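Residues 48 to 305 in the working numbering are what the sequence shown lists, from first letter to last.
Here the structure is laid out as structure tokens; the discussion comes afterwards.
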Amino acid sequence: MEKIIILTLITILGALLGSFTTMLIHRLHFDETGILTGRSQCPNCKKVLRFWNLIPIFSWLFQRGKCQYCHKNIAVYYPLTEITFATMFLVFGIHFYSVAELFPLLGIVFITLIFFFYDVRFMEVDDRIAYPAILFIMIYAFFREDPWVTFWIGGIAGFAFYAFQYFVSRGKWVGAGDMRLGAFMGLCLGWKVFFLALFFAYILGLLFAIPLLLMQRVNKKTALPMGAFLMPSLLYFLYSGETLLNWYLTLGNLINFT
Ligand SMILES: [Zn+2]
48 MEKIIILTLI TILGALLGSF TTMLIHRLHF DETGILTGRS QCPNCKKVLR
98 FWNLIPIFSW LFQRGKCQYC HKNIAVYYPL TEITFATMFL VFGIHFYSVA
148 ELFPLLGIVF ITLIFFFYDV RFMEVDDRIA YPAILFIMIY AFFREDPWVT
198 FWIGGIAGFA FYAFQYFVSR GKWVGAGDMR LGAFMGLCLG WKVFFLALFF
248 AYILGLLFAI PLLLMQRVNK KTALPMGAFL MPSLLYFLYS GETLLNWYLT
298 LGNLINFT
């Protein structure tokens, strides 16, 4: 019973942070003031929204996807962001329930989803998110089970992987933001898991791009936001962790790290 209450609270927290994230991304991207203090407005009619307009998921449903005041459609992106946050918080809450690691992990999930939605929406990685995030993970590495160097080497590897491509191609293959995402991802996972997750992200990207290429919706020069693939992969490996890594390694009869 107690567990159900706590998991419900974690899910609600996720939905609220999802709602906060849509606002945060909007304000950071358009450089609006009052990032944390400003009242939420309808982006169309600028009417200040009341609390019943801001209930994650439900307000959108009850208002049938429209602004209550000007009746302009509210993008499905908003409830989808909130649902994704709520679901991820619940999934991690169930899996890591008894572990003291849950809250730092939810912190990582929170940041990862901000990166994801920011990159999907505007194809940008915001330094005002990236630098504090990287700092937080660098410090968190000291409190984890594995030695901190595992994570720091992961961060350096992730940074180097994209920095190399960035400088060789003079910014044509990858964006500068991808170096930050790579560093963040490596720091979260540690270098062993990081390389597997990187590989997995590119498989995801291919699975996504091939149908679009076949349908000629995109061409080879179309840029896809890397964060759209790196961040889901990060979440997946954060969730399954080294269990999966060891499974792969045992399967391939390679070195077993444990
Ligand atoms: Zn409106």
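Ideal Cβ positions, reconstructed from N, Cα and C, are used throughout, including at glycine.
Given the structure is predicted, the values throughout are model-derived calculations rather than measurements.
Hey, out of the options, whose CA is closest to residue i's CA?
i, options, result
"Phe162", "Gly81, Leu153, Ala177", "Ala177"
"Cys117", "Ala133, Gln88, Ile57, Trp238", "Gln88"
"Gly274", "Trp238, Lys239, Ala223, Lys268", "Ala223"
"Arg342", "Phe157, Phe206, Arg191, Leu127", "Here the chain covers residues 48 to 305 and nothing more, so residue 342 does not appear."
"Ile181", "Gly229, Gln110, Asn120", "Gly229"
"Gly218", "Ala270, Glu192, Gly202, Tyr187", "Ala270"
"Asp174", "Gly112, Arg227, Leu285, Thr159", "Arg227"
"Trp220", "Ala244, Asp193, Pro272, Leu259", "Pro272"
"Ser280", "Met185, Arg111, Leu245", "Leu245"
"Met278", "Thr80, Leu261, Ile51, Phe164", "Phe164"
Would you kindly work out how many angstroms separate the C-alpha atoms of residue i and residue j, rounded to a whole number?
i, j, result
"Thr305", "Phe241", "With a pLDDT of only 47 at Thr305, under the threshold of 50, the placement of this residue in the model should not be trusted; the figure read from the coordinates follows. Approximately 16 Å, taken between the alpha carbons."
"Phe208", "Leu282", "19 Å"
"Leu149", "Gly288", "14 Å"
"Leu71", "Leu83", "8 Å"
"Glu49", "Leu56", "11 Å"
"Glu171", "His73", "12 Å"
"Trp99", "Arg86", "13 Å"
"Phe190", "Val265", "44 Å"
"His76", "Asp225", "17 Å"
"Thr197", "Ile53", "32 Å"
"Gln33", "Leu254", "Since the first residue of the chain shown is 48 and the last is 305, residue 33 is not available in this structure."
"Arg97", "Phe206", "43 Å"
"Trp107", "Ser216", "43 Å"
"Ala46", "Pro194", "An answer regarding residue 46 cannot be provided, because it is not within the stretch 48 to 305 covered by the chain."
"Ile186", "Gln212", "27 Å"
"Lys268", "Gly81", "37 Å"
"Leu261", "Arg111", "35 Å"
"Glu192", "Ile51", "28 Å"
Classify residue i as buried or exposed, calling it buried when 16 or more other Cβ atoms lie within 10 Å of its own Cβ.
i, result
"Pro179", "exposed"
"Asp78", "exposed"
"Tyr124", "exposed"
"Met232", "buried"
"Asp166", "buried"
"Ser66", "buried"
"Leu64", "buried"
"Gly140", "buried"
"Thr68", "buried"
"Gly202", "buried"
"Phe214", "exposed"
"Phe109", "exposed"
Going along the chain, which residues of its own chain have a beta-carbon closer than 6 Å to the beta-carbon of residue i, five neighbours each way excluded?
i, result
"Phe276", "Ala248, Leu251, Gly252"
"Val95", "Arg86, Gln88"
"Ile158", "Ala180"
State the CB to CB distance for the pair residue i and residue j, rounded to an integer number of angstroms; the pair is presumed to be in contact (CB under 8 Å).
i, j, result
"Leu137", "Phe143", "About 11 Å separates the two Cβ atoms, so there is no contact after all."
"Cys235", "Ile130", "That pair is no contact at about 23 Å."
"Arg199", "Ala210", "This sequence places Trp at residue 199; Arg is not what is there. Rounded, the Cβ-Cβ distance is 16 Å, inconsistent with contact."
"Ala147", "Thr58", "Incorrect: roughly 20 Å between the Cβ atoms, too far for contact."
"Phe23", "Leu243", "This structure does not reach residue 23, given that the chain is present from 48 up to 305, and the question cannot be answered."
Between which residues of its own chain and residue i is the CB-CB distance below 7 Å, once the five residues before and five after are set aside?
i, result
"Cys114", "Cys89, Asn91, Cys92, Ile121"
"Ala204", "Gly233, Trp238, Phe241"
"Ile104", "Ala62, Pro126, Glu129, Ile130"
"Leu259", "Val265"
Quick one: does residue i have its CB under 8 Å from some CB of chain B?
i, result
"Ile250", "No chain B appears in the structure shown, which is made up of a single protein chain."
Between which residues of its own chain and residue i is the CB-CB distance below 8 Å, once the five residues before and five after are set aside?
i, result
"Tyr286", "Val138, Phe139, His142"
"Leu101", "Ser66, Ser87"
"Met135", "Gly61, Val156, Leu160, Leu282"
"Lys119", "Cys89, Asn91, Cys92, Lys113"
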